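Heads up, the thing below is written out as structure tokens.
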Amino acid sequence: MLWLFISFLSCANVTSVPIAQQAKLEPVRLTALHYQLLDAAITVDTLVSDPALFHNFKPLNATQSTLRTSEHQALWLLVKLTNTLPEPWEAILSYHFLPADRVSFYQLATDLPTAVHLGDTGSDLPFVERALPFLSFSQPITLAQGEQGTYLVRLQDAALLGTELTVASLHALLVAQQQQMLLASMIHGALILLIVLALCRAWQQKQPALFFLASFYVAFSLILGTLNGLAFNLLWPLNPEINPVILYIGVGLALVLLTLFHRVSMPIPISRYAAYLNTFCLFLALALLFSPLYANGKLKLTLLFICITIVLAISVIQAIFTSLTSHVRYSSRFSLLSALATLNLLLVQTRYLSHKVYWLDMGLLILLCSSAMVLLAIPKRTVTR
């Protein structure tokens, strides 16, 4: 047993991170992380009691913001924290990739190679069961003066996992959450105004295309609420079974409505090749919309990337071509709206994959405001096409 304990300590050669003072002011992203992908059946007791297995932890590169996984794998993150404050340190360890199915926190014991289970959370568990009612997956930790703690975070998802961990005091985390909620509220408020404006213009102009555009922004709002956690918190806090499928349904529905908007706003008669491309986009969007009925996690994620890439690329190309070649009144404005809506959807997906790029939220707000300005530029009088 003594040999096992000495071997265990020699394997845990992770550099300490003296960040206690910084974490009192703002959330600090942990960079000295180690990771490994293991079979989901391996428990924490098996991991920490086997020095050879525990030694397989590798440093996490800054470029590895996301990692592909399967339902049969679990991602383990390991980090060491040292309390450099002259008093006990009560902090919050947070994981920020909200689509994760299961998140478990452990602290390694100092006397024996064992781990103490701190808590479980994740999108597979009801929101009301979280240790802290935050949008991120957070776990309180306590370190005595001068104490060094080693923490393990077990993550599981059927397709993709982020690797961002932060530590902060409760006050700093509350301030950060309030700022995040404020920006999210501004974006959703802009979306509501954009939906109302599109419906008003559709009614005034008798333009069916604008009804599809308004419906697109409704689906877009659902996507945003799913990715930032607000939908789980406000709409279905007791029904986590909705979480694994709602993103694919939301994106598929948004692509269907975007394709229909572009189809209806194109000049009449529609060219044969434009109709073929539009029908192909509609088929891809419907395949993504119904993917939860027939696809597993990896296939759904692959289909998500393929559909977004192809449908948005074709939408932008057709919008530019229509704007340059059509003499139909307001065709250029409808094409610009299509391109802006496309960029909105592309931007929010980029934000979802690159979760540390917070400036993308402000870019999204600017695009929504630009869309509103284009809608306002369409006169109120009825237009005959």
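Residues 6 to 390 in this note's numbering are what the sequence shown lists, from first letter to last. Ideal Cβ positions, reconstructed from N, Cα and C, are used throughout, including at glycine. Note that this is a predicted model, so its numbers are computed, not measured.
{"Check": "At the level of alpha carbons, what is the spacing between F59 and V53?", "Outcome": "6 Å"}
{"Check": "With a 10 Å radius around its C-beta and 16 neighbouring C-beta atoms as the bar for buried, classify V133 as buried or exposed.", "Outcome": "exposed"}
{"Check": "Only counting the same chain, and skipping five residues up and downstream in sequence, which positions put a Cβ closer than 7 Å to that of L188?", "Outcome": "D366"}
{"Check": "Report the rounded CA-to-CA distance for K361 versus T71, giving the unit in angstroms.", "Outcome": "A caution first: K361 carries a pLDDT of 49, below 50, which makes its placement in the model too unreliable to give a value."}
{"Check": "I think H122 touches E169, with their Cβ atoms under 8 Å apart; what is that distance to the nearest whole Å?", "Outcome": "Actually they do not touch by this definition, with Cβ atoms about 22 Å apart."}
{"Check": "With a cut-off of 8 Å, do at least 3 Cβ pairs link the region 178-196 to the region 38-50?", "Outcome": "no"}
{"Check": "Answer yes if the region 242-258 comes into contact with the region 199-213, meaning at least three C-beta pairs across the two stretches below 8 Å, and no otherwise.", "Outcome": "no"}
{"Check": "Cα separation between V49 and A120?", "Outcome": "7 Å"}
{"Check": "Compute the Euclidean distance between the alpha carbons of E76 and R107, then round it to the nearest angstrom.", "Outcome": "11 Å"}
{"Check": "In this structure, how does DSSP classify F110 when only helix, strand and coil are distinguished?", "Outcome": "strand"}
{"Check": "Tell me whether T330 sits in a helix, a strand or coil according to DSSP, three-state version.", "Outcome": "helix"}
{"Check": "Comparing C-alpha positions only, which one of L298, L239 and A279 sits nearest to I325?", "Outcome": "A279"}
{"Check": "Note down, in chain order, each residue of its chain lying with its Cβ closer than 8 Å to the Cβ of K303, except the 5 sequence neighbours on either side.", "Outcome": "R73, S75, A163 and A164"}
{"Check": "If I follow the unbroken alpha helix (DSSP H) through P245, where does it start and stop?", "Outcome": "Segment: none, P245 is in no alpha helix (DSSP H) and carries neither H nor E."}
{"Check": "With a cut-off of 8 Å, do at least 3 Cβ pairs link the region 233-249 to the region 131-145?", "Outcome": "yes"}
{"Check": "Between the beta-carbon of P245 and the beta-carbon of L130, is there less than 8 Å?", "Outcome": "yes"}
{"Check": "Quick one: which unbroken alpha helix (DSSP H) runs of 4-plus residues sit fully inside the region 186-229? Chain order, please.", "Outcome": "none"}
{"Check": "What are the boundary residues of the alpha helix (DSSP H) that includes S54?", "Outcome": "V49 to S54"}
{"Check": "According to DSSP, is H101 part of a helix, a strand, or is it coil?", "Outcome": "coil"}
{"Check": "Taking Cβ to Cβ, would you say T155 is nearer than 8 Å to P93?", "Outcome": "no"}
{"Check": "Check this for me: beta carbons of L82 and L38, under 8 Å apart or not?", "Outcome": "yes"}
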